[in-house]
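**Student:**
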Amino acid sequence: MSNPVVLIAEELSPATVDALGPDFEIRHCNGADRAELLSAITDVDAILIRSATKVDAEAVAAASKLKVVARAGVGLDNVDVSAATKAGVMVVNAPTSNIVTAAELACGLLISVARNIAPANAALKQGEWKRNKYTGVELAEKTLGVVGLGRIGALVAQRMSAFGMKIVAYDPYIQPARAAQMGVKILSLDELLQVSDFITVHLPKTPETVGLIGEEALRKVKPHVRIVNAARGGIVDEEALFAALKEGRIGGAGLDVYAKEPCTDSPLFQFDNVVATPHLGASTDEAQEKAGISVARSVRLALAGELVPDA
Ligand code: MLT
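What follows is the structure, given as structure tokens:
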């Protein structure tokens with residue numbers, strides 16, 4: 004009998020293949036290339052992805068032998084879980100693999116946007132020594148509004164409170180006792196928008212969260228607020244953010260995610276006070292290794308017909 008086929012559709016840590024072991028035929032494809040994906044997926048037993056591969060109803064329908072979709076990361080917004088479930092395909096992810104890594108990037112964007120690290124770095128490398136132009140603001144004593152106090156948001160809150168920031172959060176699902184334990188004050192979204200000097204978003208992408216920080220929200224913020232989105236593109240509406248930056252209604256933004264990815268040409272990139280990275284939230288050696296090993300283990304169990312424990 005031939006070995007089950009595992010399709011690796013994105014670049015994953017080498018630890019992934021090691022953790023799968025010798026019992027599988029491993030194939031590779033570029034999952035971001037739709038035609039390549041639809042042809043490669045037809046006869047595989049499992050597919051391993053990150054965020055660039057869309058396993059939607061069409062891809063599920065094209066995959067007659069598919070038993071597992073494994074997402075080496077936190078979110079599942081690029082997988083049609085209901086189409087997969089209807090087709091009897093199990094969907095697994097690695098929900099804790101990169102939470103520290105994602106939180107650290109959000110903190111990095113926050114610090115960078117407060118202190119103009121990215122534009123000052125770019126200018127200096129162009130031979131410009133402009134100390135006044137890149138004067139920033141302190142984080143200590145400022146209020147950080149965390150929108151979504153889940154696993155990643157809580158880690159950001161913990162880390163930024165070490166900088167002396169006052170932390171408030173909007174999260175309709177958090178237990179008040181848990182927030183109090185973290186020293187975080189829970190507010191309504193409107194209240195958070197009004198009092199925050201910095202805002203960082205840590206929500207999954209759902210129909211409810213897309214555009215949550217949009218035109219209306221950006222009219223309620225403090226004039227110098229700096230906004231970080233290292234969660235999912237579109238939760239902070241890009242057009243509304245552009246207008247707020249253009250009109251000088253906000254102080255800056257740190258962005259790691261975009262409504263459409265890859266995003267190499269955004270009107271937002273023209274602003275010196277926008278720090279932009281290419282969806283690096285999960286990209287550290289440590290997180291990729293953890294995610295790869297975790298999904299490899301789940302795929303092994305699922306293809307062996309065994310129970311896959313919640314990670
Ligand atoms: C995640 O959801 O964990 C990340 O977006 C994964 C990735 O970077 O591909």
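With this note's numbering, letter number 248 in the sequence shown gets 251, and the count goes up by one each step, no holes.
Heads up, the beta-carbon is just placed ideally off N, CA and C, and yes, glycines get one too.
These numbers were taken from a predicted model, which means no experiment stands behind them.
(1) What residue does the beta strand (DSSP E) around P74 start on, and which one ends it?
(2) Name, in chain order, the residues that DSSP records as bridge partners for Y173.
(3) Nearest to L79 by alpha carbon, out of R154, G237, P207, E219?
(4) Enumerate in chain order the residues of its own chain whose CB-to-CB distance from I216 is below 6 Å, with the five nearest sequence positions on each side excluded.
(5) Does the distance from the C-beta atom of Y261 to that of G236 stay below 8 Å?
(6) Would N294 be called buried (16 or more neighbouring beta carbons within 10 Å of its own) or exposed?
(7) Could you tell me which whole alpha helix (DSSP H) segments of length 4 or greater appear in the segment 22–110?
(8) Cα-Cα, which of E28, V198, K89 is closest to V63?
(9) In terms of alpha-carbon separation, which member of E264, D48, R222, A234 lies closest to F245?
(10) Following a CB-centred definition, is A106 positioned closer than 7 Å to any heavy atom of ligand 1?
(11) Do the segment 11–28 and the segment 47–56 meet, that is, are 3 or more Cβ pairs less than 8 Å apart?
(12) Closest to V9 by CA distance: which of S42, A143, V71, A35 is it?
(13) Could you compute how far the alpha carbon of G111 sits from the alpha carbon of E219?
(14) Locate the beta strand (DSSP E) running through I11, then write down its first and last residues.
(15) Measure the beta-carbon distance from H205 to G153 and round it to whole angstroms, keeping in mind my assumption that it falls under 8 Å.
(16) Smallest Cα separation from G91: which of A66, V149, T104?
(17) With DSSP run on the structure shown, which of helix, strand or coil describes A285?
(18) Is the Cβ of T104 closer than 8 Å to any Cβ of chain C?
(19) Closest by CA to G151, which one among A106, G255, F274?
(20) Would you say A285 touches ligand 1, meaning its beta carbon is less than 7 Å from a heavy atom?
(21) Mind reading off the beta-carbon distance from A60 to A86? Whole number of angstroms is fine, and I expect it under 8 Å.
(22) By the DSSP assignment, the beta strand (DSSP E) with R229 in it spans what residues?
(23) CB-CB under 6 Å to K169, same chain, minus the five flanking residues each way: which ones, in chain order?
(24) Per DSSP, what are the beta-bridge partners of V204 in this structure?
**Tutor:** According to the structure data:
(1) Translated into positions along the sequence shown, residue 74 becomes position 71. According to the sequence as given, residue 74 is Arg; it is not Pro. Where R74 is concerned, the enclosing beta strand (DSSP E) stretches over 71–74.
(2) The residue given as residue 173 occupies position 170 in the sequence shown. Partner(s): V150.
(3) Residue 79 sits at position 76 when you count from the first residue of the sequence shown. For L79, the nearest C-alpha among the options comes from P207.
(4) Taking the first residue of the sequence shown as 1, we reach residue 216 at position 213. The residues are V239.
(5) The residue labelled residue 261 in the question sits at position 258 within the sequence shown. The residue labelled residue 236 in the question sits at position 233 within the sequence shown. At a Cβ-Cβ threshold of 8 Å, Y261 and G236 count as neighbours.
(6) Position 291 of the sequence shown holds residue 294. The question names Asn, but residue 294 in the sequence shown is Ala. A294 is buried by the Cβ-count criterion.
(7) Whole alpha helix (DSSP H) segments, 4+ residues: 37–43, 60–65, 84–89.
(8) Here residue 63 refers to the residue found at position 60 of the sequence shown. Ranking E28, V198, K89 by Cα distance to V63 puts K89 first.
(9) Sequence index remark: in the sequence shown, residue 245 carries index 242 (1-based). Here the closest residue by C-alpha is R222.
(10) Counted from its first residue, the sequence shown places residue 106 at position 103. Every heavy atom of ligand 1 is 7 Å or more from the Cβ of A106, so no.
(11) Result yes; three or more Cβ-Cβ pairs closer than 8 Å.
(12) Residue 9 sits at position 6 when you count from the first residue of the sequence shown. Each of S42, A143, V71, A35 was checked against the Cα of V9, and the nearest Cα belongs to V71.
(13) Walking along the sequence shown from the start, residue 111 turns up at place 108. Walking along the sequence shown from the start, residue 219 turns up at place 216. Here the alpha carbon of G111 sits roughly 27 Å from the alpha carbon of E219.
(14) Residue numbering aside, residue 11 sits at position 8 when the sequence shown is read from its first letter. Its beta strand (DSSP E) spans residues 8–11.
(15) For the purposes of this step, residue 205 is taken as the residue at position 202 of the sequence shown. For the purposes of this step, residue 153 is taken as the residue at position 150 of the sequence shown. Going by Cβ atoms, the distance from H205 to G153 rounds to 6 Å, so yes, they are a contact pair.
(16) The sequence position of residue 91 within the sequence shown is 88, counting from 1. Distance check between G91 and each of A66, V149, T104 places A66 closest, using alpha-carbon atoms only.
(17) Looking up residue 285 in the sequence shown gives position 282. Three-state result, A285: coil.
(18) As a matter of chain content, chain C is missing from the structure shown, which is built from one protein chain.
(19) In the sequence shown, the residue the question calls residue 151 occupies position 148. Taking each of A106, G255, F274 in turn and checking the Cα distance to G151, the smallest one comes out for A106.
(20) Counted from its first residue, the sequence shown places residue 285 at position 282. For ligand 1, a non-hydrogen atom lies closer than 7 Å to the CB of A285.
(21) As a working note, residue 60 is residue 57 in the sequence shown. As a working note, residue 86 is residue 83 in the sequence shown. A60 to A86, Cβ: 4 Å. Contact.
(22) Sequence index remark: in the sequence shown, residue 229 carries index 226 (1-based). Segment 229–232, the beta strand (DSSP E) holding R229.
(23) Counting from 1 along the sequence shown, the entry for residue 169 is found at position 166. Shown here for K169: same chain residues with a beta carbon closer than 6 Å to its own, the five before and five after excluded, namely T146 in chain order.
(24) Taking the sequence shown and counting its residues from 1, one reaches residue 204 at position 201. According to DSSP, which records beta bridges pairwise, V204 is partnered with V150, N232.
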